[in-house]
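Following the numbering used here, the numbering of the sequence shown begins with 1157 at its first residue and continues without gaps.
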Amino acid sequence: MSSVLDDLKYTYRQGTTLMKLIYINLGLFIVVQIFFVFSALMQLEYLHDIPQNWLSVPSNIVSLLFKPWTLFTYMFFHTDFWHIFWNMLVLFFLGRVYESYLGQKRLLSTYILGGLFGAVCYIVAYNVFPLFSEAIEFSKALGASGAVYAIMVGMAVHNPNYKFHLFGILELKLKYIVLFLIIKDFISIPYENPGGHIIHLGGAFLGYLDIARYRRGKDISAWFYNWTRAIGNLFKPKSKMKVAYKRPKTDEDYNVEKKASQARIDMILDKINRSGYDSLSQDEKDDLFNASQR
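See the structure below:
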């Protein structure tokens, strides 16, 4: 079991932003399912509502004031297998394309901002339109769909003619897939899952706005980058300042050190191929992790 956990931690550390987002979604889903199983075994079915009450975003503004974190947690939270399956499948395939064109940092900002804006649209709609007046007291939203729509539409704005080959036969351009899904969500609002469709449309609008402005040289995600950097700095240990004087490295010194470091990493990777990650010593794991951060 420790070997499996080590492998998971290693792949998480080495993974791209996309894979980390998928890991977080899947990890939370598994934890919640384990909670459901144990509560069922103990015949405490009323506990099933606890994850949804504390992780889903409510449409009721008063409830939201007491649980503001749900604006973030809802976009990583799923309770149904097919719900998370389709969300993660689309996120994986479109996210890889998005990362290759626009980078990991923008993928994260589009995911988070798309999810947030989708939730805001959902809350506003349920508090404004009479259609939802009876549902506002109990309605809650969950799932990564709004964030995924933001990535999907952002990619369509950046590269509308990107082609997907379905079943190796049918060739479709991304712009037509996105147009079909948006129209479908809009006309479905009065009939079923209106909150979900509204979140999809909110995420889609944010994805469009984000990349449309980015292509004009204006980055609406700049504040998000600054905010996440500031949060990260809060948790960095403060180092004691030291003043030291060293002889500057020559090109020869640098090349020798680089060659030695690469040889060390090559040796560690060979050992993984032969005996697996669990065979590494702690020093070797640390060296491999440090190399991945450079």
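The C-beta atom is built at its ideal place from N, Cα and C for all residues, glycine as well.
Buried or exposed, going by whether 16 or more other CB atoms sit within 10 Å of the CB of Asn1120?
The first residue shown for the chain is 1157 and the last is 1450, placing residue 1120 beyond what the model contains.
I'd like to confirm the pairing. Which residues does DSSP put opposite Phe1320 in its beta bridges?
Leu1328
Determine the burial state of Val1193: buried for a count of at least 16 other Cβ atoms within 10 Å of its Cβ, exposed for fewer.
exposed
Have a look at Ile1186, Ile1355, Asn1181 and Tyr1370 and flag the residue whose alpha-carbon is nearest the alpha-carbon of Ile1279.
Ile1355
Whether Ile1254 touches Gly1310 by CB criterion (8 angstroms):
The residue asked about is misnamed: residue 1254 is Tyr in this sequence, not Ile. Against a cut-off of 8 angstroms, the Cβ pair of Gly1310 and Tyr1254 comes out as a contact.
Identify every residue that forms a DSSP beta bridge with Lys1374.
Paired residues: none, contrary to the question.
Start-to-end residues for the alpha helix (DSSP H) that takes in Asp1205
Asp1205 to Leu1211
What does DSSP give as the partner residue(s) for Lys1296 in the beta ladder?
Pro1214
Is the Cβ-Cβ distance between Phe1233 and Leu1335 less than 8 angstroms?
no
Count the other C-beta atoms from every protein chain shown that fall within 10 angstroms of the C-beta of Asp1439, then say buried if there are 16 or more, exposed otherwise.
exposed
In whole angstroms, give me the CA-to-CA distance for Ile1217 and Phe1273.
15 angstroms
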